[in-house]
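Below: one structure, written as structure tokens.
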Ligand SMILES: Cc1cc2nc3c(=O)[nH]c(=O)nc-3n(C[C@H](O)[C@H](O)[C@H](O)COP(=O)(O)O)c2cc1C
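Numbering (this note's numbering), first residue to last: 442 to 663.
Encoded structure:
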């Protein structure tokens with residue numbers, strides 16, 4: 442956590458110095474400007490994970506469960522995949538119209554795309570493909586990485602444009618070190634639908650047993 446606080450402080454200091462050092466020219470004024478410089482293939486928006494035949498059936502298996510996730514570098518995807526295999530859930534991957542390159546995710550550099558986007562609370566990256574219809578689902582697991590203590594802005598795009606109805610929304614995240622903090626509370630405020638549960642942070646290597654125990658306890662309380 443200390444590492445990220447330090448990085449955040451460095452980033453803020455660097456930003457304040459920019460007008461003085463005359464190197465502002467190369468920094469996009471906005472995420473839109475940055476996007477206009479970027480090009481990339483549009484990825485497939487939907488991913489279905491095959492349920493693992495070796496996984497013992499779980500109490501929630503067969504229920505109307507959906508796992509929605511965004512993952513820029515693969516960690517959250519691994520956790521989402523395990524949750525989907527345990528629960529037998531349908532899966533929807535939030536895919537940006539412009540995929541994030543490795544350079545876009547370099548959080549040690551305050552000029553990179555992900556950090557520029559996080560600096561603007563109103564920025565809404567566009568999602569590729571159509572959004573899922575959540576009406577039929579009782580539970581929605583919602584996964585994302587932590588970016589500067591918050592959910593990536595594309596999660597804002599997602600929650601503002603789907604209707605969770607009365608589904609239980611169960612957030613989860615991966616991060617370098619930070620806990621889930623208030624990231625899910627912000628999403629809940631923006632969503633305005635769904636019954637939001639307390640979220641949890643996992644490492645990408647979390648065991649199936651740990652995940653199953655968490656899922657069972659969450660679903661028992663539902
Ligand atoms: C722009 C950016 C900001 C980040 N900020 C934090 C942070 O505040 N705290 C933290 O613990 N990790 C932070 N990380 C690390 C990611 O949360 C972590 O690598 C996560 O597992 C990535 O998930 P993904 O592979 O599904 O994209 C940040 C990563 C990026 C790219």
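By construction, the Cβ of each residue, glycine as well, lies at the ideal position given by its N, Cα and C atoms.
All values derive from a computational prediction rather than experimental measurement.
Should residue i go down as buried or exposed, given a rule of 16 or more other Cβ atoms within 10 Å for buried?
| i | result |
| --- | --- |
| residue 597 | buried |
| residue 653 | buried |
| residue 516 | buried |
| residue 577 | exposed |
| residue 607 | exposed |
| residue 394 | Nothing can be reported for residue 394, as the shown portion of the chain is limited to 442 through 663. |
| residue 574 | exposed |
| residue 402 | This structure does not reach residue 402, given that the chain is present from 442 up to 663, and the question cannot be answered. |
| residue 545 | buried |
| residue 743 | Residue 743 is absent from the model: the chain starts at 442 and stops at 663. |
| residue 640 | buried |
| residue 661 | exposed |
| residue 624 | buried |
| residue 566 | buried |
| residue 646 | exposed |
| residue 489 | At residue 489, the pLDDT of 44 sits below 50, so the modelled position is not reliable; the number obtained from the coordinates is stated separately. Residue 489 should be labelled exposed. |
| residue 481 | Low confidence applies here, because residue 481 scores a pLDDT of 36, under 50, leaving its location unreliable; read the following figure in that light. Residue 481 is exposed by the Cβ-count criterion. |
| residue 562 | exposed |
| residue 619 | buried |
| residue 543 | exposed |
When DSSP builds the beta bridges, which residues end up paired with residue i?
| i | result |
| --- | --- |
| residue 613 | 584 and 641 |
| residue 651 | Answer is none; residue 651 lacks a bridge partner. |
| residue 636 | 609 |
| residue 568 | 537 |
Could you spell out the range, first to last residue, of the alpha helix (DSSP H) harbouring residue i?
| i | result |
| --- | --- |
| residue 598 | 594-602 |
| residue 517 | 516-528 |
| residue 539 | Segment: none, residue 539 is in no alpha helix (DSSP H) and carries neither H nor E. |
| residue 508 | Run containing residue 508: none in the alpha helix (DSSP H); it sits in the beta strand (DSSP E), 506-510. |
| residue 546 | From DSSP, residue 546 is part of no alpha helix (DSSP H); its letter is neither H nor E. |
| residue 554 | 554-560 |
| residue 647 | Taken as a continuous stretch (DSSP letters only), residue 647 belongs to no alpha helix (DSSP H), as it is neither H nor E. |
| residue 626 | 624-632 |
Between residue i and ligand 1, is the CB less than 8 angstroms from at least one heavy atom?
| i | result |
| --- | --- |
| residue 559 | yes |
| residue 525 | no |
| residue 540 | no |
| residue 587 | yes |
| residue 627 | no |
| residue 516 | yes |
| residue 533 | no |
| residue 623 | no |
| residue 583 | no |
| residue 617 | yes |
| residue 598 | no |
| residue 652 | no |
| residue 592 | no |
Could you check how far apart the C-beta atoms of residue i and residue j are, in whole angstroms? I think they sit under 8 angstroms.
| i | j | result |
| --- | --- | --- |
| residue 510 | residue 535 | 7 angstroms |
| residue 668 | residue 627 | Outside the displayed range of the chain (442 to 663) lies residue 668, so it cannot be described from this structure. |
| residue 586 | residue 512 | 7 angstroms |
Terminal residues of the continuous beta strand (DSSP E) containing residue i?
| i | result |
| --- | --- |
| residue 534 | 531-534 |
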